[in-house]
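What follows is a single structure, written as structure tokens, with notes after it.
There are 2 protein chains.
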Amino acid sequence: MPTLKTTPKRGRPQTLDRDAVLKIALTSYWTGGPTRVAISHICKEADVSKPSLYREFGSDDGLKAAVLDLYSELVLGPFHNILTSNEGFAQQIEALIAFTVQDRKSLGIPSGCLQVAMRAHREDLGEVTGNKVDMLRSQTLRYYEAWIERAKSCGEFKADIPTQAAALFCDAQNGGAMRMQKEGIPNEIIKQTLTHAFSTFA
Amino acid sequence: MPTLKTTPKRGRPQTLDRDAVLKIALTSYWTGGPTRVAISHICKEADVSKPSLYREFGSDDGLKAAVLDLYSELVLGPFHNILTSNEGFAQQIEALIAFTVQDRKSLGIPSGCLQVAMRAHREDLGEVTGNKVDMLRSQTLRYYEAWIERAKSCGEFKADIPTQAAALFCDAQNGGAMRMQKEGIPNEIIKQTLTHAFSTFA
DNA sequence: ATAATTTCGTAACTAACGGTACGATATGAG
DNA sequence: CTCATATCGTACCGTTAGTTACGAAATTAT
């Protein structure tokens, strides 16, 4: 329930804009790393006091979990949609690569992937966020597996590799690409590695 | 100069064993993550006082840099040796995979790769260690590139991909494998992904 | 022995950061 | 107008971890 205004009339009206804070926090974590951005920094950026932020999200962990939910909706969802689309396998691969190497700067989107970053810092996250990271990871792998199984049954999948391993392979390619992008390696080069990696499938 | 005892006679004899501390620190960082293990924890494990450790390594950053040097010598060196060996390309690939998926537990070696972990936490490391991580990364990429160039000129390299991208691809495969291993994914499955990934080369 | 020298380790310092106590403030209800 | 209610934000707390001040201890040179 992102912005369900239950409009409780009583008491001092809330000035904190949950969605605005979430968006700022998302950008901060995405850009600076989920474990490197301090709560107080987000408070300054969003121009809210620490107690206000804690009132809304409960804790550091709560804020990060909420941010990850937003990220999942904004980024992971569209990515999964490619895997479940009705296009042909080869076109899906092309779409996945295009999605991954799209120019972020011109779109005002940070480089890299927050989910990948959170996985790298899994042990430094709170319980709620950490579990959510695990769930999303599993979910992504399941999407890959279903996608690959479908391609196999359609005869579009040319490689001889178990589905589970193939899904992990896909995930590793994507993770590697996101890491490279974050390091500043040109999308052109990243695209070459992805194209090569997925050329084994179709 | 790891253990060059210059034997300075004067003063209280040193009880701190640099190499022993380094080995313990290496295991701690490798197992628990380079940014999650506190100096005081290593002091307890090695049974040395904090000032003793600081006297020897200067700082957190200095200790980590020394540990990374040791890791480079123990692990990265042998890995690079495979890339410069005189074996055939296909056998080198096989050796790389075998090296990566060797059973760590039975050898008493921690899972994953310290260099990969340090790259993931690059921003949390000190200046000296951070720069060393970058240097080792570049070095590894250069080894891959030379290896690939050699295979290309021998006609053993079958894929149509620029050398730079191919090197990054290799590095991404290895990094992905190390990350999976750290997560507890069976080496059997990891081997399937690596075999598939490198099957595109030879 | 005594002095010079070098290392040892306890105990404290410091900075950063997650989290909160509490009084002020703003609104609706009576 | 006054009370109940809910949010606001300053200032503070507590923990953790890197770092160091300093006096004790151990050894060689004179």
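Residue numbers (our numbering), protein chains in the order written: chain A, 1 to 202; chain B, 1001 to 1202.
Virtual Cβ for every residue (Gly too), placed ideally from N, Cα, C.
Buried versus exposed call for residue i [16 or more other C-beta atoms within 10 Å across all chains shown]
{"i": "residue 43 of chain A", "result": "buried"}
{"i": "residue 1011 of chain B", "result": "exposed"}
{"i": "residue 1107 of chain B", "result": "exposed"}
{"i": "residue 1174 of chain B", "result": "buried"}
{"i": "residue 151 of chain A", "result": "buried"}
{"i": "residue 130 of chain A", "result": "buried"}
{"i": "residue 5 of chain A", "result": "Caution applies to residue 5 of chain A, whose pLDDT of 45 falls short of 50 and renders its modelled position unreliable; the value that the coordinates give is listed next. It counts as exposed."}
{"i": "residue 1038 of chain B", "result": "exposed"}
{"i": "residue 142 of chain A", "result": "exposed"}
{"i": "residue 1072 of chain B", "result": "buried"}
{"i": "residue 1002 of chain B", "result": "Reliability of the predicted coordinates at residue 1002 of chain B is poor, the pLDDT of 41 falling under 50, and the value obtained from them is presented with this limitation in mind. Exposed, since its Cβ has fewer than 16 Cβ neighbours within 10 Å."}
Residue from the options whose Cα sits closest to the Cα of residue i
{"i": "residue 1098 of chain B", "options": "B/1190, B/1166, B/1035 and B/1200", "result": "B/1190"}
{"i": "residue 22 of chain A", "options": "A/45, A/9 and A/143", "result": "A/45"}
{"i": "residue 154 of chain A", "options": "A/53, A/9, A/201 and A/35", "result": "A/201"}
{"i": "residue 19 of chain A", "options": "A/29, A/185, A/39 and A/56", "result": "A/56"}
{"i": "residue 1027 of chain B", "options": "B/1094, B/1009, B/1092 and B/1104", "result": "B/1104"}
{"i": "residue 1033 of chain B", "options": "B/1091, B/1096, B/1120 and B/1145", "result": "B/1120"}
{"i": "residue 1144 of chain B", "options": "B/1116, B/1158 and B/1093", "result": "B/1093"}
{"i": "residue 96 of chain A", "options": "A/77, A/38 and A/109", "result": "A/77"}
{"i": "residue 1079 of chain B", "options": "B/1062, B/1139 and B/1063", "result": "B/1139"}
{"i": "residue 69 of chain A", "options": "A/13, A/156 and A/136", "result": "A/136"}
{"i": "residue 1161 of chain B", "options": "B/1081, B/1198 and B/1186", "result": "B/1198"}
{"i": "residue 118 of chain A", "options": "A/179, A/86, A/158 and A/81", "result": "A/179"}
Residue j beta carbon less than 9 Å from that of residue i
{"i": "residue 177 of chain A", "j": "residue 75 of chain A", "result": "no"}
{"i": "residue 181 of chain A", "j": "residue 88 of chain A", "result": "no"}
{"i": "residue 1149 of chain B", "j": "residue 36 of chain A", "result": "no"}
{"i": "residue 1083 of chain B", "j": "residue 193 of chain A", "result": "no"}
{"i": "residue 132 of chain A", "j": "residue 65 of chain A", "result": "yes"}
{"i": "residue 196 of chain A", "j": "residue 1166 of chain B", "result": "yes"}
{"i": "residue 1090 of chain B", "j": "residue 1156 of chain B", "result": "yes"}
{"i": "residue 163 of chain A", "j": "residue 110 of chain A", "result": "no"}
For residue j and residue i, believed in contact at Cβ under 8 Å, the rounded distance
{"i": "residue 171 of chain A", "j": "residue 126 of chain A", "result": "The Cβ separation is near 24 Å, so there is no contact."}
{"i": "residue 1114 of chain B", "j": "residue 1029 of chain B", "result": "6 Å"}
{"i": "residue 128 of chain A", "j": "residue 184 of chain A", "result": "Not really, about 32 Å apart at Cβ, beyond 8 Å."}
{"i": "residue 1067 of chain B", "j": "residue 1016 of chain B", "result": "Not confirmed; about 15 Å, so no contact."}
Worksheet item: Got a sec: which bits of the stretch 1026-1047 of chain B sit with their beta carbon under 7 Å from any beta carbon on chain A, in order along the chain?
Response: Interface annotation for the stretch 1026-1047 of chain B against chain A: 1033 and 1036, criterion Cβ-Cβ distance under 7 Å.
Practice problem: Could you name the residues of the stretch 1161-1172 of chain B whose beta carbon sits closer than 9 Å to any beta carbon of chain A, in the order they occur along the chain? | Solution: Within the stretch 1161-1172 of chain B, the residues whose Cβ lies closer than 9 Å to any Cβ of chain A are, in chain order, 1161, 1162, 1164, 1165, 1166, 1168, 1169, 1171 and 1172.
Quiz item: Listed in chain order, which residues of the stretch 1141-1159 of chain B have Cβ atoms closer than 7 Å to some Cβ of chain A?
Solution: So the list reads 1159, given in the order they occur along the chain.
- Query: If contact means a Cβ-Cβ distance below 9 Å, which residues of the stretch 1098-1117 of chain B contact chain A?
  - Reply: Within the stretch 1098-1117 of chain B, those residues whose Cβ lies closer than 9 Å to any Cβ of chain A are, in chain order, 1117.
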